[in-house]
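Report on one structure; see the data block that follows.
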Amino acid sequence: MGSPNRLFNRQKTLHEILGGGLVADVMLWRRGNLTVGILFVTLAAWVVFEKSGYTLLSLVSSVLLLIVILFLWAKSAAILNRPAPPLPELHLSEAMVVAYLLLISVLGGLTDFLTLGYTSLVLLLTVLALYERYEDHVDSYVISGCRKMQQL
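Just so it is clear: in the sequence shown, position 103 is 104 by the working numbering, and no numbers are missing.
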């Protein structure tokens with residue numbers, strides 16, 4: 002598998018690179034029903050947002066209201082000597098957050114968030130599945146293109 006005809010001389014399959022679990026199976030269409038279900042639910046959500054006039058701002062405000070309720074619950078639990086609600090810990094570096102915010106800002110200026118999100122999901126699922134299927138052809142074309150670019 003680690004032949005010189007592979008991009009980056011990799012020795013793992015695309016499925017192994019993606020983690021080899023349920024997420025990799027969905028992204029590579031190995032669980033077709035689940036992948037189609039995710040696409041249809043995402044499409045339905047996109048259509049509801051686009052056609053109903055329910056905006057992302059109203060959704061974000063609802064989520065923020067939920068966060069405030071959880072915050073008040075945690076504070077009141079401390080006062081009343083009750084257990085706090087279980088919340089997962091999230092650790093992100095500042096540089097990563099800044100890079101993601103800059104990327105979202107640039108892309109957000111080009112299109113609305115819902116269309117960008119839906120298009121990104123469809124492209125991600127399509128490109129990965131097609132690459133896995135035609136991996137040898139794509140790798141050989143990219144490698145020959147890189148060699149031609151180096152000759153220039």
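Using N, Cα and C, we set each Cβ at its ideal position, and we do this for glycine too.
Note that the C-beta distance between residue 126 and residue 36 is below 8 Å. Pairing residue 78 with residue 87 gives a Cβ-Cβ distance that is not under 8 Å. Annotated as proximal: residue 29 and residue 15, with beta-carbon spacing under 8 Å. Following the DSSP letters along the chain, one finds residue 146 inside the alpha helix (DSSP H) bounded by residues 136-152. At a cut-off of 4 residues, the continuous stretches assigned as alpha helix (DSSP H) that sit fully inside the region 4-70 are 15-18, 23-28 and 33-53.
Nearest Cα to residue 131 within the set 31, 146 and 150: 31. Within the same chain, Cβ atoms closer than 6 Å to the Cβ of residue 115 are found at 47 and 50, the five residues on either side in sequence being excluded.
Scanning the region 68-140 from its first residue to its last, no whole beta strand (DSSP E) run of 3-plus residues comes out.
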